[in-house]
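Notes follow once the structure below has been shown.
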Ligand SMILES: [Zn+2]
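This is the structure:
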């Protein structure tokens, strides 16, 4: 499990790969630089601002749900879920997230 110790906003001086969605964070963009620990190993990675928000909003990621590419996988799942027709009540994003998690 990855335990994020510190986070800070940075302006990237070179391209980075986002830890959450595995896509490129362009040079000169704001990103979140994370210092984390995994099995007593220190690690450093970058996240898109949006991906950081997703992680912060969703406690699921703070446990074993945080891994390289976790947001990419989640988005894929959410897209699959979006293709299912929900009644208006169930279409609320919060419920949908819960549904997704229960399925994972
Ligand atoms: Zn990202």
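Residue numbers (the numbering used here): 3 to 106.
Using N, Cα and C, we set each Cβ at its ideal position, and we do this for glycine too.
Inside the stretch 26–71 only - alpha helix (DSSP H) runs reaching at least 4 residues
51–59
Quick check on residue 79: does DSSP put it in helix, strand or coil?
Position 77 of the chain shown, counting from 1, holds the residue named residue 79. Three-state result, residue 79: helix.
Would you mind stating whether residue 73 and residue 20 have Cβ atoms separated by less than 9 Å?
For the purposes of this step, residue 73 is taken as residue 71 along the chain shown, with counting starting at 1. For the purposes of this step, residue 20 is taken as residue 18 along the chain shown, with counting starting at 1. Yes, Cβ-Cβ distance for residue 73 and residue 20 is below 9 Å.
Hey, residue 4 and residue 39: beta-carbon distance below 9 Å or not?
For the purposes of this step, residue 4 is taken as residue 2 along the chain shown, with counting starting at 1. For the purposes of this step, residue 39 is taken as residue 37 along the chain shown, with counting starting at 1. Yes, the pair counts as a contact, with Cβ atoms nearer than the cut-off.
With a threshold of 16 other CB atoms inside 10 Å of the CB of residue 1, please say whether the residue is buried or exposed.
The structure shown does not extend to residue 1, since the chain is modelled only from 3 to 106, so the question has no answer here.
Confirm, please, whether the CB-CB distance from residue 9 to residue 37 is below 9 Å.
Start at 1 with the first residue of the chain shown, and residue 37 comes out as number 35. Start at 1 with the first residue of the chain shown, and residue 9 comes out as number 7. Yes; because the gap between Cβ atoms is below 9 Å, this pair is in contact.
Check your reading: residues with Cβ closer than 5 Å to ligand 1 heavy atoms:
20, 22, 23, 50 and 53
Compute the Euclidean distance between the alpha carbons of residue 28 and residue 48, then round it to the nearest angstrom.
By one-based count along the chain shown, residue 28 stands at place 26. By one-based count along the chain shown, residue 48 stands at place 46. About 11 Å.
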